Structures are given as C-alpha cells and as structure tokens.
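One point on numbering: in the UniProt record's numbering, the residue at position 141 of the sequence shown is 141, and numbering is uninterrupted.
First up is the structure itself, then whatever we jot down about it.
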Amino acid sequence: MALMESHIHSKVLGMEMPVNVILPQEKQPYSKNGKLLKVLWLLHGGSGDESAWIRMSNIERYAVEYGIAVIAPGGLNSCFTDMEHGGKFYTYMTEELPVILQQIFPLLSSEREDNYIAGYSNGGYGCLRVGLARPDLYAAIGAFSAGDKADVPFVNDGSRKARGRIEVFGDGEIKGTDHDIKYLAIKAMQSHEKLPRIFHACGSLDPWLDLNEIIRDFFTEHNTFDYTYYMEDGYGHTWDFWEMEIVRFLKSLHVKIENNKYIRL
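In structure tokens, the structure reads:
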C-alpha cells in the first residue's frame, strides 16, 4: 500500500490544495478496462480536513483489504459545493481534480462504474451534493450522518455559525437551488442519466437525526433510486459510527478478495 500526501495547484480555486491518495500495491480488483483501479473518493466533515479519514479510521487497511484506491481531498469549510462567497469546490471536485489525478496516477479508472464517493457529516452532505449533481461520474454514494442543508433553519444573528452559512450558501433561501439535495435528486431523475446507488446511515443518538430522516423519507418516497438506509442504535455523530459504516459501504460495492479472486458480495 502506498500513501501519498500531495499538494496540487487548482486553477479553479486559485490556490494550492492538499489531497491524500492511497494506492494498494497488491490484490488489485482491476476494472473491466484492464489494470485500472476502482476509486473511492472520501470527503471530510466540517471540523476535519483531508487527513481525517487517514488519522481517524482504518481506511488504509481497508484499501488493501478491498483492493481499492482511496482519494481524500481537502475541502476546507465548503461542504464541497460552489460557495456563494468563496471557492467553487463542487467545480473543482467534478471537473478539475479527477482529471489532474488521473494524469498523475494513470492506474486510476475514470469509468463511472469504477468510481464511488462517500463522506461523513458535512462531507456526507457534500457527497450527496456532488454525486446527485453528476450522476454520470459515480456508481454509488455513501452518506454517513448526512442531512440536507436546505432543511436547516437559518437565522442571520451575526453569530459565527451564521457567518459561516452565509459564506457557503449566502443569506437567502437555498431550497430549489443547487445547494438543495432533494432538488438535485429530482433533477437527476428527470435527466434520464443512470442513477447512483445511495447508501445512507445515521446513528440513533446523532443530534441531527431528524435531518437524516427527512432525507430518508424523501428517497423512500421517490423509489426510483436504489436507496438503502441504516439507523444504528446507540451511536452518535462520532468516528465509532463512521468507521463501522465505511466498512458496510465498502462491502456493498462488491469488491472483496476471496481465494485470491474478487467476488461480488
């Protein structure tokens, strides 16, 4: 297994950006296009950065066990969307970063069916925002402790939280915009693109469980998506939970080694 801490120049963002890349060196489940690696894009939460998944989980070991490349980009406090008063992180994630990394690491597959995106907390929102807006890029989405920012009440009270919200989403209503997960899901359904599978999970003790349940109810009603939801008793907004769910998500991606062969689960 090779772990590379990289810094690249983003023309979209106008700055140097960090990104961690894990490449398994053995037992690779090559894509159907030959010796190319399947890729898992992992997004961090609001209090984390590109190192969070590396430091707080066993993702390096899972990359080897499941034979999948892992890319953990930095997204600052953007929620991986195009900010109203900041960088265009959604554009960076979907149009610039994949091209750059596929040039640097030619083992990475660019095929939709070989690419998956997942994240926790704000990164859980981010992977839904990115994956639903670009269903042509990802075969599956893993959203852990992920609500829709469009369902969060906003009061412009001058607080740090309010200022952060304005920086990312502006001070107006975001329902019915590209910051709205349900709006993006409806657009994806209407686009006639092949839809990504969605794996969604939240702990019963999560303080934002209600926001997750709104998302759950939406996708349950709109059963066009291949959508799965888990609510785990006794877990909160913690790494114990996200560690458990990333394993469950990886198992759902049908990439596992058995007798030196890769099988569907």
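Yeah, the Cβ is synthetic: ideal placement off N, Cα and C, and Gly gets one too.
Only a predicted model underlies this, so the values are computations on that prediction, with no experimental measurement involved.
CB-CB length for residue i against residue j, believed under 8 Å
{"i": "Ile-181", "j": "Asp-148", "result": "4 Å"}
{"i": "Tyr-90", "j": "Ala-133", "result": "7 Å"}
{"i": "Glu-84", "j": "Phe-169", "result": "6 Å"}
{"i": "Ala-69", "j": "Leu-37", "result": "4 Å"}
{"i": "Pro-73", "j": "Glu-95", "result": "Not quite, the Cβ-Cβ distance comes to about 13 Å (not below 8 Å), so this is no contact."}
{"i": "Gly-14", "j": "Phe-80", "result": "The pair is not a contact, with the Cβ atoms about 17 Å apart (cut-off 8 Å)."}
{"i": "Leu-184", "j": "Tyr-116", "result": "That belief does not hold up - the Cβ atoms of Leu-184 and Tyr-116 are roughly 18 Å apart, past 8 Å."}
{"i": "Val-152", "j": "Leu-205", "result": "In fact, because the Cβ distance is near 19 Å, the residues do not count as touching under 8 Å."}
{"i": "Asn-77", "j": "Gly-119", "result": "Their Cβ separation, rounded to whole angstroms, is 14 Å, which puts Asn-77 and Gly-119 out of contact at 8 Å."}
{"i": "Met-189", "j": "Thr-228", "result": "Their Cβ separation, rounded to whole angstroms, is 17 Å, which puts Met-189 and Thr-228 out of contact at 8 Å."}
Contact check, residue i vs residue j, beta carbons under 7 Å
{"i": "Ser-110", "j": "Gln-102", "result": "yes"}
{"i": "Asn-156", "j": "Ala-162", "result": "yes"}
{"i": "Ile-71", "j": "Ile-8", "result": "no"}
Alpha-carbon spacing of residue i relative to residue j, whole angstroms
{"i": "Gly-203", "j": "Leu-42", "result": "19 Å"}
{"i": "Leu-253", "j": "Ala-140", "result": "8 Å"}
{"i": "Met-105", "j": "Met-17", "result": "One detail in the question is off: residue 105 reads as Phe in this sequence, not Met. Cα to Cα, Phe-105 sits roughly 17 Å from Met-17."}
{"i": "Lys-187", "j": "Thr-177", "result": "11 Å"}
{"i": "Tyr-235", "j": "His-179", "result": "28 Å"}
{"i": "Ile-263", "j": "Leu-250", "result": "Annotation note: pLDDT 44 at Ile-263 (below 50); position unreliable, coordinate value reported separately. Those two C-alpha atoms are separated by around 13 Å."}
{"i": "Ser-10", "j": "Leu-3", "result": "21 Å"}
{"i": "His-192", "j": "Gly-158", "result": "42 Å"}
{"i": "Ile-246", "j": "Gly-87", "result": "28 Å"}
{"i": "Pro-135", "j": "Lys-194", "result": "7 Å"}
{"i": "Arg-248", "j": "His-44", "result": "18 Å"}
{"i": "Ser-6", "j": "Asn-20", "result": "6 Å"}
{"i": "Ile-166", "j": "Gly-48", "result": "20 Å"}
{"i": "Glu-221", "j": "Gly-75", "result": "31 Å"}
{"i": "Ile-215", "j": "Asp-82", "result": "21 Å"}
{"i": "Ile-174", "j": "Gly-164", "result": "15 Å"}
{"i": "Gly-172", "j": "Met-1", "result": "46 Å"}
{"i": "Gly-123", "j": "Gly-142", "result": "10 Å"}
{"i": "Tyr-230", "j": "Trp-53", "result": "21 Å"}
{"i": "Val-12", "j": "Tyr-92", "result": "6 Å"}
{"i": "Glu-232", "j": "Leu-137", "result": "29 Å"}
{"i": "Glu-243", "j": "Leu-209", "result": "18 Å"}
{"i": "Glu-113", "j": "Pro-207", "result": "34 Å"}
{"i": "Leu-108", "j": "Asp-226", "result": "26 Å"}
Residue interval of the beta strand (DSSP E) (run including residue i)
{"i": "Val-152", "result": "Unbroken run through Val-152: none, as it is neither H nor E."}
{"i": "Pro-73", "result": "69-73"}
{"i": "Tyr-120", "result": "115-120"}
{"i": "Gly-142", "result": "140-144"}
{"i": "Ile-104", "result": "Careful: Ile-104 lies outside any beta strand (DSSP E), inside the alpha helix (DSSP H) at 97-104."}
{"i": "Met-231", "result": "227-232"}
{"i": "Glu-173", "result": "From DSSP, Glu-173 is part of no beta strand (DSSP E); its letter is neither H nor E."}
Host alpha helix (DSSP H) of residue i (start-end)
{"i": "Ser-191", "result": "181-191"}
{"i": "Met-244", "result": "239-252"}
{"i": "Thr-220", "result": "209-221"}
{"i": "Glu-60", "result": "59-66"}
{"i": "Glu-167", "result": "160-169"}
{"i": "Arg-55", "result": "52-56"}
Touching by the beta-carbon criterion (3+ pairs, under 8 Å), the segment 10-27 and the segment 59-78:
Contact check between the segment 10-27 and the segment 59-78: three or more CB pairs, one atom from each, fall below 8 Å, which counts as touching.
With contact counted as at least three CB pairs below 8 Å, one residue from each stretch, are the segment 121-137 and the segment 190-205 in contact?
yes
Using 8 Å as the cut-off, can you tell me whether the segment 46-61 makes contact with the segment 235-243, which would need three or more C-beta pairs spanning the two stretches below that distance?
yes
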